[in-house]
Structure formats: structure tokens, C-alpha cells
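Colleague: Mapped onto the working numbering, the consecutive letters of the sequence shown carry residue numbers 27 to 746. Beta carbons: idealized from backbone N, C-alpha and C, even for Gly.
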Amino acid sequence: MSPTNPYIVGNSVGNSPEFVGRADILREVWRVVRDPQQNAIVLYGQRRIGKTSVLEELEARLPKEGAYYPILFDLQNKAEWSLGRVLTELAHKISRLLKLAPPDLGDEPETTFRQVWLPDVLNKLPSNASLVLLFDEFDVLANPDYKQAAAAFFPYLRDLLNTNPILMNCVFAIGRNIDDLNSIALSLFRGVPAKHVSLLSHEETVRLIHLSQTNQTLNWSNDDAVEKIWQLTNGHPFLTQALCSHIWDRLHNNNPDEPPTVTSKEVEEAISDTLSTRRNTLEWLWDGLPPAERIVASTLADAGARVITDTQLEELLRQSGVQIIIRELQNAPRLLQEWDLIEPAEGGYRFRVELLRRWIAEYKLPQQAQSELDHLDPAADTLYKASQELYRNRYWAVAVGPLRQAIGLNPHHVGANLLLADILLKDKNANEACEILEKLYTVRPVAAQTPLIQALLALAFSNESEDEQLKLYERILKIDPKHPEAKHQKKEIIKRREEKKQRRINTLKEISGKYSIRMWEFLGFTFALVVSYYWLTDRIPTEPLIVLEVGQLTNEVSEYAITGVLSDKPYLLDTVKIFPTCDHPVKQARFKYDIYTQAVDLKVNPNTQPPTYWVDKALLQQTLAEKDNHFSFEFLDQERFTFYFQFEAPKTTPAEFECKVFTADNRNVPCQVREKGYLSLFRGIPWFGIGTILGIILIVLIEIVYAFKKRRHNVDPQQY
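(1) What does a CB cutoff of less than 6 angstroms around Gly47 pick up in its chain, not counting 5 residues either side in sequence?
(2) Between the segment 544 to 561 and the segment 679 to 694, are three or more C-beta pairs nearer than 8 angstroms?
(3) Suppose contacts are defined by Cβ-Cβ distances below 8 angstroms. Is Leu355 in contact with Val379 by that definition?
(4) Should Gly715 go down as buried or exposed, given a rule of 16 or more other Cβ atoms within 10 Å for buried?
(5) In its own chain, which residues sit with a C-beta less than 7 angstroms from the C-beta of Gln257, not counting the 5 before and 5 after it?
(6) In the DSSP assignment, find the unbroken beta strand (DSSP E) run with Gln64 in it and report its ends.
(7) What are the uninterrupted segments assigned as beta strand (DSSP E) that are 3 or more residues long and contained completely in the segment 371 to 435, given in chain order?
(8) Does DSSP classify Pro743 as helix, strand or coil?
(9) Use the C-beta contact count for Gly330: other C-beta atoms within 10 angstroms, 16 or more gives buried, fewer gives exposed.
(10) Between the C-alpha atoms of Asp283 and Ala327, what's the straight-line distance to the nearest angstrom?
(11) Is it the case that the Cβ atoms of Ile97 and Leu52 are separated by a distance below 8 angstroms?
(12) Quick check on the DSSP output: the beta strand (DSSP E) that includes Thr468 runs from which residue to which?
(13) Following the continuous alpha helix (DSSP H) through Cys608, name the residue where it begins and the one where it ends.
(14) Helix, strand or coil: which one does DSSP assign to Asp642?
(15) In whole angstroms, give me the CA-to-CA distance for Ala268 and Phe99.
(16) How many angstroms separate the CA atom of Ala484 from the CA atom of Glu524?
(17) Output the distance between the C-alpha atoms of Ile519 and Glu492, rounded to the nearest integer angstrom.
(18) From what residue to what residue does the alpha helix (DSSP H) around Arg353 run?
(19) Starting from Tyr499, trace the alpha helix (DSSP H) in both directions and tell me its first and last residue.
(20) Beta carbon of Cys608, beta carbon of Thr718: below 8 angstroms?
(21) Can you name the residues that DSSP bridges to Glu682?
(22) Identify the residues that DSSP records as bridge partners of Cys697: which are they?
(23) Please state whether the Cβ-Cβ distance between Pro637 and Val630 is less than 8 angstroms.
(24) Could you check how far apart the C-beta atoms of Gln698 and Val573 are, in whole angstroms? I think they sit under 8 angstroms.
(25) Compute the Euclidean distance between the alpha carbons of Val333 and Tyr417, then round it to the nearest angstrom.
(26) Assuming Leu463 contacts Ala481 (C-beta within less than 8 angstroms), just tell me the rounded distance between them.
(27) Going by Cα to Cα distance, which pick from Gln578, Tyr95 and Asn419 is closest to Gly703?
(28) Return the residue from the list Ile235, Tyr70, Trp246 and Met545 that minimises the CA-CA distance to Ser271.
(29) Can you tell me whether Gly132 is buried or exposed? The criterion is at least 16 other CB atoms within 10 Å of its CB, across all chains shown.
(30) Measure the Cβ-Cβ separation of Asp165 and Gly110 and say whether it is below 8 angstroms.
(31) Bridge partners for Thr601 per DSSP, in chain order?
(32) For His236, which three-state DSSP category applies?
(33) Which word fits Arg320, buried or exposed, when buried means at least 16 other C-beta atoms lie within 10 angstroms of its C-beta?
(34) With DSSP as the reference, identify every bridge partner of Arg616, one or two as the case may be.
(35) Based on the DSSP secondary-structure assignment, which residues constitute the bridge partners of Gln578?
(36) Going straight from the alpha carbon of Phe161 to that of Val218, what length do you get?
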């Protein structure tokens, strides 16, 4: 006879040799059914944890424990049934077990079942006997999609439990925590004890693994292999059976003559096949988790087998795209503990079932699980689905209202936010669409990235302000630094700005080139006037003044000529005094009046310091033999008279001179002796005249400089 694989995967194992453990659960149920004060118990646990197998085991063993008539009634696929149909089916099962005539519940099965048929059945039971109803998948009636069935069945069953607590007991198996049921279901279980159907113990797991050793098809003498399976499944009955079944199949592929010995290597090699071939069942198990728990479970699984603290978990959630940790996500670790998926460890959490963690890490990435956030609020999700239907039928304006309501209930509902933004973009309302998507991007960046970029592009195209366009393109590039359209448009804007800037610069250069020569000529002329006013007026005064100019003669002796060169007006003079200063005495001092050929020796007063030499009208008239009473000593044009001084000193000995002038009417006219030089050419010319001359000179120089520059740079003369 060919060897048989003893591991049953996917089917319940109650009432069979493969049923292992659960003694504590069976004892608790027996305690309840024996207690006259209690007639109900709830068994809860995750999917594929063995609840149905426990009910089947109870169905088989309760009659052996006493006068119990167990009825296993599976409510799977019956959530859409009417209450009357469910009761009719239940009545038929009870009738078959008790070998009664088929029930006829009439037109009002609900009333007939509770008031007539069931009391009659209970009264016909043997003495001390009781009916035990085993309801499997009872929580399907608590599904939000079947509110009508729940509203009818739960109150009815509550009344039914009170019909005859001694003669009827109920065991309810549910795939969720009692606290997660709706208020109607909770009212049914108020005061009802609950028992958690959890993982198998280490001892029970070893017994389950050794099923193939019991039927002599595998040898588990290698304790490392057993411990490896325990480390991978931690007593999860379904995964333990599945992994062992794949190990058995792999080792029996070659029809061995002797039971193969299982090693850790065979266990490790069977993991991949186990996860891939049991994916449908694991998907069903995954679907049994609430949305927030799926997100947290996928995040923890992706982090590896290490311990993760609350702080690390929040950071991992943010890294995976969940930017705001809402209340449901904060509570998820506690619920995952209740479902035996994770356990507290060293100040954090870790997966209890490593094999399940590996499957979640491979097939349920955190980014994929984020879509579960849309289902956190069923009402919001319902509104969103209604809006989707309106959108498909092109009732876009009508869909906006339900979408806003959905977002009000669940602000992070990705689908609702994206659909509303899409409608707003169709309605040319890119501003609000961007606002909605920016908010979504803060919490769900991966989901919002592409739509947000599209909305920002639409807003940029509709905006006339180049500054605003640039800001929008920079925002896009912050989201996606390699976005080609945003990079291109930003480059074009910068290029246009540079071209405008260059045009302005060229215009300024053109204006500068055209008018700079005039500007420089104007500045040069102005400069000449300013210099003439502030500098030459001091050196070529125009106030009432007589200026004598001294120059050293070119002979070999130290001889000077002091000539009258300038006066502000013609004066009739009386006396002109000269005060020479030198280290050597004056050898000769004379005066020459240009209208006379004869020179006159100057009078001298040696008692002054320096000595005073002078000439006056009387001396001239006497010396020049002028007897005319009309003789006058006049200061008329330049160089009309000259004083000659010769010193007894070398030519190089410097001498300085001062002067005083008195007019015929006895007025003292200011007098200065200036050295003869280049400025002598300008004496007597007004400052503005001199400034004009200097300005013209500067203008000529500027013209020469610009002509040279034009020639050197080959610049068009028209620019100037």
C-alpha cells in the first residue's frame, strides 16, 4: 500500500486523528453546556486558525460526554438569506439529527419556529438532554453589507437563547474579536463568555509535525528540523500542516523505500513552494484583517524579523508613504496582538509567525497596503463608490457633492481626493485641484505624486504670470527632479528672461554708446567751469586789484623785472611802493614808464624792513621834466611800466617782492606781485572765459579719445 500524506491542508480536521490540541477550549465549552446558568459561548480567532475543526470535534465528542445533541450549522454564504429561510434550513438539520419529520414552518417561519416548533422539539428531548447549536462563521451576519440580515437575526437569536436556557445551548465561532462587532451583534453576546482560539503550543505543534512519524512515512529524529518548523510557524495549525505537507511531498517524489529523515535543509527548501501554492488561502486570511491592521502588518513584515518599537513603526509608516498616523493605525498593533500575528518583545513588537511574515513581506508591500486606508470609514467608501458610478455616467457635477462628503468623513481617502481633483481639473478649476492634491501629498505622496504634477502643469499653462509659472515648475521639480516637461518649461522661462535682460543691457549699451561722448563732453565742460571758478579765480583774481608780475631776467646777474600786467580798471596813480626781500642788498633799482624813454631811479627808505623803494607822480614829473599840469601817472594797458631790481648776489639767489599802490585820490588799491608763468596768458580773462577755453580743450581731447576707440574696436561711428 502506498504511503499516505497525513497532513490535511485547507480542510477541517475535527473528529479525525489529525485533530491536535485544543483541550482547554473543549473543556471551556463543556463547562458552559453543563452550567444551568449559561447556555452560550463565543469562540473567536483569525481565519485558518482551526475554529471549524474545534466545532467538528465538539460535534463528535459532545454526545460522548453526555446527553447532548450538537448541530453544526455553517452560516457561510447565508448572509443574504432571509431570516425565515435560515430558520427553515436550521430546522431541517435539527430534524435530521433527531430523526424527526421534516418541519413545516408555514407562512411565518420566524414565529412558528420560536413559539411552536422549537419548544415542541426541546420538550421531546430525553431527560437531562440538551440541544447544542454550533454556529460556524457567525460573524458574516455582522458584515456591514448585510445590515438587514443582522438587524433581523441577532435580536431573534437573543430571544431564542432565553426560550429554554437549560435545554438549548449555543456555540458561536467568529473570525474577529467580539469588540469589533457592530452594536446589534454586541447586544447578542452581552454577558456571554468568550474563548480565544489561538496558536498551538510547542508540544501540540510537535505532535502535529509527528503525524507523519506516527504513520511511519517520515522520520523526524532530527530535532533541528522540528525546531525549524516551530520557529517558522509558531504553532499556526494551517501553516504547520501546509509546510509539513510540502516537505512530505518533496521527500516522497522518488518513492523512497524507507521513511526519509527530515532535516533543516528540507524545511528551508519547502518554504517557497508552501507560500506560493497556498497563496489563495493566505489571501483569504489577509482579507480577514481590518484595513489599518493590514497596513501595519505589511510595514512590520517588510522591516524583517527584528523587534520594532512604536517610534520605529511610525517612522517606517512615514517612509512607506503614510505621513499622518491616524487613530486606527495607532491601535492596529494591539489588535494584531489579539489576532496572534505579532507579540510584544523587548519594548516593541515582532511577528509571531515567521512564515506568515515572509509571505506578507513578499506579496503585500507597504505601498500596496496603503490603499486600505480608503476603507477605514465604510460610509466614506460607500459615498466614493457612488461618486464613481456618477463619474462613469458623466454626471461630474453631481459627483462632487458625495465626494466632498466622503473626504469630510475620511480626509485621507485617496480615491475620493483623486476623483474630486480630476473633476475639478475638467471644470478648469486647477487651483482647488492643486490644493486638494497638495494635502493628499503630505500623507500619501506616492498616490498623489502623478496627479499633483498634472494639476500643477495645468495650473502653470493657465497662468499668465511668468513668475507664478516658474514657481509652479519649481514645485514640480521638487516633487520629481527629473520631470522633463517642467525642466523644459523652466529652462524656457529662464532663457526668455536672460534674453530680455540681454536686450535691456544692449539697449543701455546702445544708448551709452550713442550719448556717452556727449555726456563726457558735458562733464568735461562742466569740470572746466568748476575748476576755473574755484581754482583760477584765486590765482587770476578779478576783484579790485593791481597785479604786478615778476620775472628774472636772462643776464648773468641777479636782476628782476616787475611789470604791471593787470588791474580791474584804469587807475590814476600817485605812488607805487616795492618791498624787495633778499639776502643781498639791492645794487640798482629803476623805473621805466613806456611813454618815456628815460628810466627813473627809485627812491629808497633804508630804515624800513625790508627797505622801501617807490616811485610817485611828483618824482616822475620832476625827473621826466614834465611841466604840464595835466601830467598823470596812469595804469592803463598791460606792460605800461616796469620796475628793474639788480642785487649784489649770484643769479641763483632768490628774491621776493611785495607792493603797495596809492591812487591820486589817496586810496589804497590792493596790489600783488605774482611770478611770471603759464597763467600769465590768462590774466585779465574772466573765470568763465577761461573755463570755456578749458572746456573746449577737454571736448577736443574726448573727441580724439573716442575716435581712437572707434578705430581700435571698429565701432560704427553712427553710435556716437
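Modeller: Let me lay it out:
(1) A distance below 6 angstroms between beta-carbons, with the five flanking residues on each side excluded, links Gly47 to the following residues of its chain, in chain order: Leu226 and Glu230.
(2) They do not touch, by the three-pair rule.
(3) No, these two residues do not count as a Cβ contact at 8 angstroms.
(4) Burial call: exposed.
(5) Answer for Gln257: Glu380, listed in chain order.
(6) First-last for Gln64: undefined, no H or E at that position.
(7) Taking only runs of at least 3 residues, the beta strand (DSSP E) segments lying wholly in the segment 371 to 435 are 374 to 377.
(8) In this prediction, Pro743 has a pLDDT of 46, which is less than 50 and means its spatial position is unreliable; what the coordinates show is noted afterwards. Helix at Pro743.
(9) When all chains shown are included, Gly330 counts as exposed.
(10) C-alpha separation (whole angstroms): 41 angstroms.
(11) No. Outside cutoff.
(12) In the DSSP annotation of this structure, Thr468 is not part of any beta strand (DSSP E); the continuous alpha helix (DSSP H) holding it starts and ends at Ala456 to Val469.
(13) Boundaries cannot be given for Cys608, as no alpha helix (DSSP H) includes it and DSSP labels it neither H nor E.
(14) Strand at Asp642.
(15) Taking C-alpha positions only, Ala268 is separated from Phe99 by approximately 26 angstroms.
(16) The alpha-carbon atoms of Ala484 and Glu524 are separated by roughly 25 angstroms.
(17) Rounded to the nearest angstrom, the two C-alpha atoms are 7 angstroms apart.
(18) Counting along the chain, the alpha helix (DSSP H) containing Arg353 begins and ends at Arg353 to Glu364.
(19) For Tyr499, the enclosing alpha helix (DSSP H) starts and ends at Glu492 to Ile505.
(20) No.
(21) When DSSP reads this structure, Glu682 sits in a beta bridge with Thr607.
(22) Cys697 is bridged to Ile572.
(23) Yes, the pair counts as a contact, with Cβ atoms nearer than the cut-off.
(24) Here Gln698 really is in contact with Val573; their C-beta atoms are around 5 angstroms apart, less than 8 angstroms.
(25) Cα to Cα, Val333 sits roughly 45 angstroms from Tyr417.
(26) About 5 angstroms separates the two Cβ atoms, so the contact holds.
(27) Among Gln578, Tyr95 and Asn419, the Cα nearest to that of Gly703 is on Gln578.
(28) Nearest C-alpha to Ser271: Ile235.
(29) Gly132 comes out exposed.
(30) Result no, Cβ atoms of Asp165 and Gly110 do not sit closer than 8 angstroms.
(31) The partner list for Thr601 (beta bridge, DSSP) reads Asp642 and Phe688.
(32) For His236, the three-state secondary structure derived from DSSP is coil.
(33) Buried, since its Cβ has 16 or more Cβ neighbours within 10 Å.
(34) According to DSSP, which records beta bridges pairwise, Arg616 is partnered with Asp627 and Tyr670.
(35) By DSSP's assignment, Gln578 forms a beta bridge with Tyr586.
(36) The alpha-carbon of Phe161 is positioned some 15 angstroms away from that of Val218.
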